[in-house]
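Chemist: Could you have a look at this structure, given as structure tokens, before my questions?
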Amino acid sequence: MQTADAFHRTRDTAVVLKSGLNLIQQALSIYSNDLRLVFANQRFRAMFDLPPHLSQPGASFVDTIQYLAETGEYGAMDDVPKFVDKRVQQALTFEQHYVERQRSNGRWISVEGGPLRQGGWVAVYTDITDIKRQEEMLRTRSDELSDKLLDRSEDLARANRALEATISRLHETQQHLEATEARVRLAAETTPAHIARLDRQERYTYTNQRLPLAASNGAENIVGHSAYDVLGPAIYQQIAPALQSAMAGKAKVVEFTLPDDGRHIRSAFTPDTNATNAVTGVYVLSMDITDADPDQQPITQTTQTGQTACFGAWVANFSTFELHPIGDGQPIALTLAEAALLRLFLTMPNRLLTREDIFNAPGIQLETVRALDVRVSRLRQKLGDNAKSPTLIRTMYGAGYIFVGEVDWQS
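So the number in the numbering used here is just where the residue sits in the sequence shown, counting from 1, plus 161.
Rendered as structure tokens:
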């Protein structure tokens, strides 16, 4: 199973790739095999002047084509529904294609599309208006080429070479995207928790298919369905305050019990923001904590009263505030704040401690999430726990931390 930190690294790689795709001059879009938008760069939204709801992940290809046809992108037409249906049928074939067409505003674009191995397709749109104008000039004045026209011909050749190089780079980017998506999907699908994303309309735009209950509306794939329809009124009522809090920009954690079988679920809701810090949706991480917490004991209650704990290659002495390596080595001093945090981790091993749990725990004096992250980082350094691939203190993105390992307390 891929570690949580490895999952974050693949997620960061995807973020870097998306940032790079927003800098290229071509417009780019990626749709899934059910004709839902997976990704579109900023150039795509600007080129076709799309409204926000058609450029967000999960947007319908059908609605996008309908909008473009009605706003005159394809010129005047008598039967818009027939045109939309034809384009949808073409899209469902997922075949390699290249076309050049003139837009209603007089400019020319080339459209190159290709299928993805896991389903869906990627399309690249390039403005070729200058190239078309030069071609027209060559046709109309071929019998009286001037030095100026020859210069333009050379410019055209250079532009073509640059275009070929750009297309080559885009093909490489497509391959990187496919590989990154495959790694992220594998990590998400093997994580023992439900990972999902909801848009501003509370519709699922992603799920790793580990929903801990049967969908209330009977849907096999919950993408495109609302949280209310999927969870049902009883569960939705329990998670609604946390969901609305995340939509307002504040992360929340909620615990609830499934009415059918009594299992206890903990869900963390984290805002998904864009470059302007506007909330575009919510990430959800849900874990079944029934076995981990059979008595539903409050997280702030510690059951260990010993002053010494053995774990991994360390012995923590909370009387002297020291870490002793097992075997040779000098003891490492702990601050009062570091000792309080470590003691909390050691009394609750192998279970998720949300940031809210840690803030509310006795002896933990923190005011900001940043302060907590810094304190965890310093504690990792003293434990020799690599932050990039931790083996003791693992970060659960958007939720909190898990201390992994066996702990032996001694009085």
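Note that beta-carbon positions come from the ideal geometry of N, C-alpha and C, so glycine has one too.
Because the structure is a prediction, the values reported are computed rather than measured.
Give the secondary structure of I554 by DSSP, where H, G and I count as helix, E and B as strand, and everything else as coil.
Modeler: For this step, residue 554 is matched to residue 393 along the sequence shown. Three-state result, I554: strand.
Chemist: Assign T254 to one of three DSSP states: helix, strand, or coil.
Modeler: Numbered from its first residue, the sequence shown carries residue 254 at position 93. Of the three classes helix, strand and coil, the one that applies to T254 here is coil, per DSSP.
Chemist: Hey, A388 and L359: beta-carbon distance below 8 Å or not?
Modeler: The count along the sequence shown starts at 1 and reaches residue 388 at position 227. The count along the sequence shown starts at 1 and reaches residue 359 at position 198. Yes, these two residues count as a Cβ contact at 8 Å.
Chemist: Using a Cβ-Cβ cut-off of 6 Å (strictly less than) and excluding sequence neighbours within five positions of T441, which residues of its own chain qualify?
Modeler: Working through the sequence shown from its first residue, we reach residue 441 at position 280. Cβ neighbours of T441 beyond the five flanking positions: D433, N435.
Chemist: Using 8 Å as the Cβ pair cut-off and three pairs as the minimum, do the region 417 to 432 and the region 365 to 383 touch?
Modeler: Cβ pair count under 8 Å is three or more, so yes.
Chemist: Kindly indicate which three-state DSSP category H332 falls into: helix, strand or coil?
Modeler: Residue numbering aside, residue 332 sits at position 171 when the sequence shown is read from its first letter. It is helical.
Chemist: Distance check for D534 and M208, CA to CA, integer angstroms please.
Modeler: Within the sequence shown, residue 208 is the residue found at index 47, counting from 1. Within the sequence shown, residue 534 is the residue found at index 373, counting from 1. Whole-angstrom Cα-Cα distance: 41 Å.
Chemist: Give the straight-line distance between the Cα atoms of Q335 and M509, rounded to the nearest whole angstrom.
Modeler: Position 174 of the sequence shown, counted from the first residue, corresponds to residue 335. Position 348 of the sequence shown, counted from the first residue, corresponds to residue 509. Taking the straight line from one Cα to the other gives about 44 Å.
Chemist: Taking the alpha carbon of D240 as the point to measure from, which residue in A252, P394, Q250, Q227 has its own alpha carbon closest?
Modeler: The sequence position of residue 240 within the sequence shown is 79, counting from 1. Comparing Cα positions, the closest option is Q227.
Chemist: Please classify D518 as buried or exposed, where buried requires at least 16 other C-beta atoms within 10 Å of its C-beta.
Modeler: Taking the sequence shown and counting its residues from 1, one reaches residue 518 at position 357. The residue is buried, with at least 16 neighbouring Cβ atoms inside 10 Å.
Chemist: For a test of the three-state rule: what should DSSP assign to M208, helix, strand or coil?
Modeler: Here residue 208 corresponds to residue number 47 of the sequence shown, with the count starting at 1. Reduced to three states, the DSSP call for M208 is helix.
Chemist: According to DSSP, simplified to helix, strand and coil, what is M448?
Modeler: Position 287 of the sequence shown, counting from 1, holds the residue named residue 448. Strand.
Chemist: For Q257, I'd like the list of residues in its chain whose CB is within less than 8 Å of its CB, leaving aside the five on either flank, ordered along the chain.
Modeler: The residue labelled residue 257 in the question sits at position 96 within the sequence shown. Excluding sequence neighbours, Q257 sits near G274, G275, P276.
Chemist: The beta strand (DSSP E) that contains R358, what's its start and end?
Modeler: Counting from one through the sequence shown, the residue named residue 358 turns up at place 197. 355 to 360 is the extent of the beta strand (DSSP E) around R358.
Chemist: For the region 190 to 199 against the region 212 to 226, do three or more pairs of beta-carbon atoms, one drawn from each stretch, fall closer than 8 Å, so that the two count as touching?
Modeler: Touching, yes, given that three or more Cβ pairs across the two stretches are closer than 8 Å.
Chemist: Which residues in the same chain as R313 place their Cβ atom closer than 6 Å to its Cβ, once the five residues preceding and following it in sequence are excluded?
Modeler: Locating residue 313 in the sequence shown gives position 152, where the first residue counts as 1. Result list for R313: Q295, in chain order.
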